[in-house]
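Novice:
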Amino acid sequence: MVDIAFQAGAVGTAEDISRAKILSRLHSRDAIFRALTLTAAIAVLLILGGVFVSLASGAAPALRTFGLGFLYTEVWNPVTDQFGALAPIYGTIVTSTIAMLIAVPVGLLIALFLTELCPPILRRPIGIAIELLAGIPSIIFGIWGLFIFAPFLQRTLQPALIDLFGPIPVLSSLFAGPPYGIGMLTAGLILAIMVLPFITSISRDVFDATPPVLKEAAYGIGCTTWEVMRFVVLPHARVGVIGGVMLGLGRALGETMAVTFVIGNAHRISASLLAPGTTISAAIANEFTEAVGDLYTSSLIALGLILFFITFVVLAIARYMLLRLERRLG
Amino acid sequence: MSKLYARRRARNFILMSLSIGATVVGLGWLVLVLGALLWNGFTSLSLQVFTEMTPPPGSAGGLLNPIVGSLIMTGLAVAIGTPVGILAGTYMAEYGRYAKISMVVRFINDILLSAPSIVVGLFVYEVVVRPMGHFSGLAGAVALAIIVVPVVVRTTEDMLMLVPKELREAATALGVPRAYVIAHVAYRAARAGIITGILLAVARISGETAPLLFTSLNNQFFSADLNAPMPSLPVVIFQFAMSPYQDWQNLAWAGALIITFAVLALSIAARALASRNIQ
Numbered sequence: 000m001v002d003i004a005f006q007a008g009a010v011g012t013a014e015d016i017s018r019a020k021i022l023s024r025l026h027s028r029d030a031i032f033r034a035l036t037l038t039a040a041i042a043v044l045l046i047l048g049g050v051f052v053s054l055a056s057g058a059a060p061a062l063r064t065f066g067l068g069f070l071y072t073e074v075w076n077p078v079t080d081q082f083g084a085l086a087p088i089y090g091t092i093v094t095s096t097i098a099m100l101i102a103v104p105v106g107l108l109i110a111l112f113l114t115e116l117c118p119p120i121l122r123r124p125i126g127i128a129i130e131l132l133a134g135i136p137s138i139i140f141g142i143w144g145l146f147i148f149a150p151f152l153q154r155t156l157q158p159a160l161i162d163l164f165g166p167i168p169v170l171s172s173l174f175a176g177p178p179y180g181i182g183m184l185t186a187g188l189i190l191a192i193m194v195l196p197f198i199t200s201i202s203r204d205v206f207d208a209t210p211p212v213l214k215e216a217a218y219g220i221g222c223t224t225w226e227v228m229r230f231v232v233l234p235h236a237r238v239g240v241i242g243g244v245m246l247g248l249g250r251a252l253g254e255t256m257a258v259t260f261v262i263g264n265a266h267r268i269s270a271s272l273l274a275p276g277t278t279i280s281a282a283i284a285n286e287f288t289e290a291v292g293d294l295y296t297s298s299l300i301a302l303g304l305i306l307f308f309i310t311f312v313v314l315a316i317a318r319y320m321l322l323r324l325e326r327r328l329g
Numbered sequence: 000m001s002k003l004y005a006r007r008r009a010r011n012f013i014l015m016s017l018s019i020g021a022t023v024v025g026l027g028w029l030v031l032v033l034g035a036l037l038w039n040g041f042t043s044l045s046l047q048v049f050t051e052m053t054p055p056p057g058s059a060g061g062l063l064n065p066i067v068g069s070l071i072m073t074g075l076a077v078a079i080g081t082p083v084g085i086l087a088g089t090y091m092a093e094y095g096r097y098a099k100i101s102m103v104v105r106f107i108n109d110i111l112l113s114a115p116s117i118v119v120g121l122f123v124y125e126v127v128v129r130p131m132g133h134f135s136g137l138a139g140a141v142a143l144a145i146i147v148v149p150v151v152v153r154t155t156e157d158m159l160m161l162v163p164k165e166l167r168e169a170a171t172a173l174g175v176p177r178a179y180v181i182a183h184v185a186y187r188a189a190r191a192g193i194i195t196g197i198l199l200a201v202a203r204i205s206g207e208t209a210p211l212l213f214t215s216l217n218n219q220f221f222s223a224d225l226n227a228p229m230p231s232l233p234v235v236i237f238q239f240a241m242s243p244y245q246d247w248q249n250l251a252w253a254g255a256l257i258i259t260f261a262v263l264a265l266s267i268a269a270r271a272l273a274s275r276n277i278q
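Protein chains in written order, with numbering that gives the first Met the number 0: chain P, 0 to 329; chain C, 0 to 278.
1. Measuring alpha carbon to alpha carbon, tell me which residue in T155/C, Y124/C, I181/C is nearest E165/C.
2. Do you know whose CA, among T89/C, F260/C, F134/C, D109/C, lies nearest R177/C's CA?
3. For the candidate residues P130/C, L212/C, S266/C, E168/C, whose alpha-carbon lies nearest to that of A128/P?
4. Suppose you measure from the CA of V1/P to the CA of V103/P; what does that come to, to the nearest Å?
5. With 8 Å as the threshold, decide whether the Cβ of R10/C is near any Cβ in chain P.
6. Figure out for me which residue from I142/P, A159/P, I46/P has the closest Cα to the Cα of I262/P.
7. Tell me the residue span of the alpha helix (DSSP H) that contains M72/C.
8. Determine the chain P residues that contact V24/C at a beta-carbon separation under 8 Å, and present them in chain order.
9. Quick check on this structure: which residue in P230/C, G61/C, G20/C has the alpha carbon closest to the alpha carbon of L46/C?
10. Hey, could you find the ends of the alpha helix (DSSP H) T157/C is sitting in?
11. Between the beta-carbon of I138/P and the beta-carbon of F237/C, is there less than 8 Å?
12. Using 8 Å as the threshold, is the C-beta distance between G9/C and A76/C below it?
13. Express the C-alpha separation of I300/P and I117/C in angstroms, rounding to a whole number.
14. Reducing DSSP to helix, strand and coil, say where N76/P ends up.
15. What would DSSP say about Q248/C, mapped onto helix, strand or coil?
16. In the stretch 66-77 of chain C, which residues sit with their C-beta less than 9 Å from some C-beta in chain P, listed in chain order?
17. At the level of alpha carbons, what is the spacing between L279/C and L173/C?
18. Determine the DSSP secondary structure at Q219/C, reduced to helix, strand or coil.
19. Since F69/P meets chain C, which of its residues come closer than 8 Å, beta carbon to beta carbon?
20. Taking the alpha-carbon positions, what's the V147/C to G196/C distance?
21. What residues from chain C crowd round W143/P, counting only those whose CB sits closer than 8 Å?
22. Could you give the distance in angstroms between the alpha-carbon of G176/P and the alpha-carbon of G182/P?
23. Hey, is the stretch 38-50 of chain P in contact with the stretch 271-285 of chain P, meaning 3+ C-beta pairs nearer than 8 Å?
24. Is there at least one Cβ from chain C nearer than 8 Å to P136/P's Cβ?
25. Under 8 Å, do L198/C and A269/C count as touching if we go by C-beta distance?
26. Does the beta-carbon distance from E207/C to P233/C come in below 8 Å?
27. In chain P, which residues lie with their C-beta within 9 Å of the C-beta of S274/C?
28. Tell me the start and end of each unbroken alpha helix (DSSP H) in the stretch 124-168 of chain P that is at least 4 residues and wholly inside, in chain order.
29. Answer with buried or exposed for Q245/C, where buried requires no fewer than 16 other C-beta atoms within 10 angstroms of its C-beta.
30. Do the stretch 50-68 of chain P and the stretch 301-310 of chain P make contact, defined as three or more Cβ pairs closer than 8 Å?
31. How would you call G8/P, buried or exposed, if buried means at least 16 neighbouring beta carbons within 10 angstroms?
32. Can you list, in chain order, the residues of its chain with a C-beta nearer than 8 Å to that of L294/P? Leave out the 5 residues immediately preceding and following it.
33. Classify V291/P as buried or exposed, calling it buried when 16 or more other Cβ atoms lie within 10 Å of its own Cβ.
34. Within 10 angstroms of the Cβ of L36/C, are there 16 or more other Cβ atoms? Answer buried if so, exposed if not.
35. Could you tell me the distance, in whole angstroms, from the CA atom of P65/C to the CA atom of T53/C?
36. Confirm, please, whether the CB-CB distance from E115/P to T36/P is below 8 Å.
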């Protein structure tokens, strides 16, 4: 439309010409605005690309020096300039595993409570409370973990675990050693509290999306609430729940501050869950500003690159799952 | 038959009890965290916290300089990140709603939304701090801006998608060019939603610590110089909480309380605004 008026105006009267001028101005402004928005959209892609490129270039010296061995070497010695990522990778995986083992069942059970059992008056307040809690900064959980939770564990749970599993052959090494309070188990437990709101709120949303007709049909043939949950709602919500769990896992893997406070920052791998350890993000947060020497800094950036790669894959799977769900629903 | 029935009932009872138990434990745990925060925060909170500088260990002081530093960096980050986010969201919802690039940007943006923030810190260290040769408040603001962008992109796109297409069609039928339809019709209809997104972004960055650790670093003194290291509330909390000094630990609790209140107030405001927008 605009184009036609613009072309016709070129051969018309003075009034037509001034109108054509205005139209062409509008036209060019529209084009500029469009280009601007497209640039901003591309900028989002550039941020991601930039993160990958800059981390890779920063990590290059370390990766050149240590090669693939960086991934499976445990030594982390700034004095002799020997660095390996195995201990932080191990710590990241162990703490995230503890967190998911606790947060997934508890989160699903809370979602079950909210969708099936909760009195309607309480549903909204509890739902809102959980969503607000998801927004509380991780440093708050960190300071709580350091001053309150870790000393509490040191006095109660950890001695109990050591006594309980002491006589059992394999488990005794998992729960060996003095109760420090801080350590892998504490970090895993705090991560569990942090990812709980994410898993709960996504699971609740996908549970709610189950068509009532399906549930009513199941109740109609005499299923118990649990059977409706297990054989109707869960299969229907499977993809969404997996997406939510992966999203929570992505958070747990990359979570920095809450872990940094309570992990103890020890670059070694101990069989015991009660021992101090480190994670990728905690190692970076603790050591980066103090790192002297290019190789030290570069090794920490290489850790960051590994973390970014792992979380990217996990989050991509999560988003893909949730996207599939959205398509099926919409 | 009745045995089977009893077993099914028993199993149902056990799982329903577990479900209620999980809710009580989960919510109770979160209540414990907040309770401890309120208790320790309020006992350390005083007017001094807002009026005095961070003290050396062993003497009294406050958190004035990190509070101001946080406000400056947050403001700057929003000023940088919001326009980029709104424009990108506009492209995805308006010009390129069905374009392939919008799909890709949407996917990548969702990943950036939950990417570990410490990686953003490393990125900004590489591209800003290293070339400049020193830590600075500007680098901290850039790091926070990168976290603002995906939040704003997401909400802007979602809110523009909610604007009824009839509004756009009516404006277009009057001969209004696309850019003006967006600016005067779509933005106006989605305004509350877009502001919600900005509030959520501010809530998100006001507690971010990891990206600031090696971009803005810290500063014991009052500084509004963007070219110099700048103190921020989360970093000071981290430093003070990890220290062995009781005064510093108390200030860390007070700071944690301030941040939590700020974040909760922002999220509640955002929620209230969003629910008004839907009606």
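The beta carbon of each residue, even a glycine, is placed where N, CA and C say it ideally should be. Just so it is clear, the structure is predicted and the values come from calculations on it, not from any experiment.
Specialist: Result, derived from the coordinates:
1. Residue I181/C is the option with its Cα nearest to E165/C.
2. Closest in alpha carbon position to R177/C, among T89/C, F260/C, F134/C, D109/C, is T89/C.
3. If we check each option's Cα against that of A128/P, S266/C comes out closest.
4. Summary for V1/P: the model assigns pLDDT 48, below 50, so the residue's position carries little reliability; its value from the coordinates is reported in the next sentence. Per the coordinates, the alpha-carbon of V1/P lies some 56 Å from the alpha-carbon of V103/P.
5. Yes, contact with chain P.
6. Comparing Cα-Cα distances from I262/P to each of I142/P, A159/P, I46/P, the minimum goes to I142/P.
7. Unbroken alpha helix (DSSP H) run through M72/C: 63-89.
8. The contacting residues are V105.
9. With respect to the C-alpha of L46/C, the residue from P230/C, G61/C, G20/C having the closest C-alpha is G61/C.
10. This sequence places Asp at residue 157/C; Thr is not what is there. Counting along the chain, the unbroken alpha helix (DSSP H) around D157/C starts and ends at 136-161.
11. Annotated as proximal: I138/P and F237/C, with beta-carbon spacing under 8 Å.
12. In the sequence as displayed, the identity of residue 9/C is Ala instead of Gly. Not a contact, by the Cβ cut-off of 8 Å.
13. Near 11 Å, if we compare the C-alpha coordinates of I300/P and I117/C.
14. Here N76/P carries a strand assignment [DSSP, helix/strand/coil].
15. Note: Q248/C maps to helix in three-state DSSP.
16. If the cut-off is 9 Å between Cβ atoms, the stretch 66-77 of chain C has nothing near chain P.
17. Chain C is shown from 0 up to 278; residue 279/C falls before or after that span and cannot be answered.
18. DSSP, reduced to helix, strand and coil, places Q219/C outside both helices and strands of the structure shown, so it counts as coil.
19. F69/P does not reach chain C, its nearest Cβ partner there being about 16 Å away, counting only Cβ pairs nearer than 8 Å.
20. Between V147/C and G196/C, the C-alpha separation is close to 9 Å.
21. Going along chain C in sequence order, the residues near W143/P (Cβ under 8 Å) are V32, A35, L36.
22. Approximately 11 Å, taken between the alpha carbons.
23. The answer is no - the stretch 271-285 of chain P does not touch the stretch 38-50 of chain P, with fewer than three Cβ pairs under 8 Å.
24. Closer than 8 Å: yes.
25. Yes, Cβ-Cβ distance for L198/C and A269/C is below 8 Å.
26. One thing to note: E207/C has its Cβ within 8 Å of the Cβ of P233/C.
27. Under the 9 Å cutoff, chain P gives no residues; its nearest Cβ is about 11 Å from S274/C.
28. Listed in chain order, the complete alpha helix (DSSP H) runs (minimum 4 residues) inside the stretch 124-168 of chain P are 137-143, 149-154, 156-164.
29. Classification for Q245/C: exposed.
30. Segments in contact, yes.
31. Confidence is the limiting factor: at G8/P the pLDDT is only 47, short of 50, which leaves the residue's position unreliable, though a coordinate-based value still follows. So G8/P ends up on the buried side.
32. Cβ neighbours of L294/P beyond the five flanking positions: P60, A61, T64, D80, F82.
33. Around the CB of V291/P, fewer than 16 other CB atoms lie within 10 Å, so the residue is classed as exposed.
34. Under the 10 Å beta carbon count, L36/C is surrounded by 16 or more other beta carbons and is classified as buried.
35. Linking P65/C to T53/C through their CA atoms gives a straight-line distance of about 8 Å.
36. Cβ atoms of T36/P and E115/P: not closer than 8 Å.
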